[in-house]
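Enquirer: Just passing along the structure, written as structure tokens.
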Amino acid sequence: KAGVTQTPRYLIKTRGQQVTLSCSPISGHRSVSWYQQTPGQGLQFLFEYFSETQRNKGNFPGRFSGRQFSNSRSEMNVSTLELGDSALYLCASSPVTPNTEAFFGQGTRLTVV
Amino acid sequence: AQKVTQAQTEISVVEKEDVTLDCVYETRDTTYYLFWYKQPPSGELVFLIRRNSFDEQNEISGRYSWNFQKSTSSFNFTITASQVVDSAVYFCALLAANNNNDMRFGAGTRLTVKP
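First to last, the protein sequences are chains L and D.
109 is the number that the working numbering gives to position 109 of the first sequence; each next residue is one higher, with no gaps.
20 is the number that the working numbering gives to position 20 of the second sequence; each next residue is one higher, with no gaps.
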């Protein structure tokens, strides 16, 4: 059974640009959650998608958005990038809800210069 | 408020020593879930264990064991006979049933096991 796949693994962008990250969950899993990991703030919840709908959202500005497709794959988008957006972005895959089990991908390391 | 505290920022041990990683949590919910994850240098968070608030039984899995005590709001993780491959950052996390699937992580404990 394949694990959670995140692409790309590494990304370098310039301030002001936008970026799209992708997450393919474990086959059969319908919930995808996104987290941002930085040295200063640690791991912080961005949002969670289930059946193509954003079910929950963390405390991040509107520049952070996402979506989920009918095959459960999810993308997150960050517009007007700031230096502080440099982080490891992790997605977690769950069958229905993270409280049963949540398996993470290897993350996308975004560097904003 | 939901909060997880991992007071130990870094721990260094010599191979074969036992080591305990501490985790203290705060929540007002009566239904919640606790997790431990391992993050090796590759970045992926590796799932180790999940516990719900109604199950206080301790668990052992090979060299790993977990001690869940609701009375002290702690969910500690012990590695017995540590190995170099155990070197990683370990995160404790809390997911309260009424917290919108927002998993709260502790700051992590960096464990270094020296040969």
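Ideal placement from N, C-alpha and C gives every residue a C-beta, glycine not left out.
Predicted model, so just to flag it, every value in this text is computed and none were measured.
Among D:Asn67, D:Val46 and D:Asn52, whose alpha-carbon lies nearest the alpha-carbon of D:Thr30?
Expert: D:Asn52
Enquirer: D:Gln2 lies in the beta strand (DSSP E); which residues open and close that run?
Expert: First-last for D:Gln2: undefined, no H or E at that position.
Enquirer: Measure the CB-CB distance between L:Gly66 and L:Phe47 and report whether it falls below 8 Å.
Expert: yes
Enquirer: At a Cβ cut of 9 Å, what residues of the segment 95 to 106 of chain L count as close to chain D, listed as they run along the chain?
Expert: Thr97, Pro98, Asn99, Thr100, Glu101, Ala102, Phe103, Phe104, Gly105 and Gln106
Enquirer: Let me know if D:Arg104 comes out buried or exposed under the rule of 16 or more other beta-carbons within 10 Å of its beta-carbon.
Expert: buried
Enquirer: Please report whether the beta-carbon of L:Glu145 lies at a distance below 8 Å from any beta-carbon of chain D.
Expert: A query on residue 145 of chain L cannot be resolved here, the shown segment of chain L reaching from 1 to 113 and no further.
Enquirer: What did DSSP end up calling D:Gly62 once you bin it into helix, strand or coil?
Expert: coil
Enquirer: Out of curiosity, what's the CA-to-CA distance linking L:Thr38 and L:Asp85?
Expert: 9 Å
Enquirer: Whole-angstrom Cβ separation of L:Ser72 and L:His29, contact assumed at under 8 Å?
Expert: Indeed, because the Cβ distance is near 6 Å, the residues count as touching under 8 Å.
Enquirer: How would you call L:Phe69, buried or exposed, if buried means at least 16 neighbouring beta carbons within 10 angstroms?
Expert: exposed
Enquirer: Check whether chain D comes within 8 Å of L:Arg55, counting only Cβ atoms and requiring the distance to be less than that.
Expert: yes
Enquirer: Are the beta-carbon atoms of L:Arg9 and L:Thr108 separated by less than 8 Å?
Expert: yes
Enquirer: Of all Cβ atoms in chain D, is any one closer than 8 Å to the Cβ of L:Ser33?
Expert: Yes - at least one Cβ of chain D is within 8 Å of the one on L:Ser33.
Enquirer: On the DSSP bridge assignment, give the partners of D:Leu111 in chain order.
Expert: D:Ile11 and D:Ala88
Enquirer: For D:Tyr90, decide whether its Cβ has a neighbour in chain L, counting only Cβ atoms nearer than 8 Å.
Expert: no
Enquirer: Could you give the C-beta distance for D:Thr80 and D:Ser61, rounded to a whole number, given that I count them as a contact under 8 Å?
Expert: Contact flag wrong, Cβ pair sits at about 11 Å.
Enquirer: So, does the CB of L:Glu48 fall closer than 8 Å to a CB anywhere in chain B?
Expert: Within the model displayed, chain B is absent; protein chains L and D are what it includes.
Enquirer: Take every Cβ of the segment 82 to 99 of chain L, pair it with every Cβ of the segment 67 to 79 of chain D, and state whether three or more of those distances are shorter than 8 Å.
Expert: no
Enquirer: Check the Cβ-Cβ distances between D:Gly108 and every residue of chain L, and say whether any is below 8 Å.
Expert: yes
Enquirer: Taking the beta strand (DSSP E) that L:Val96 falls in, what are its first and last residues?
Expert: First-last for L:Val96: undefined, no H or E at that position.
Enquirer: Please check if any C-beta of chain L sits within less than 8 Å of the C-beta of D:Gly62.
Expert: Answer no: the Cβ-Cβ gap between D:Gly62 and chain L never drops below 8 Å.
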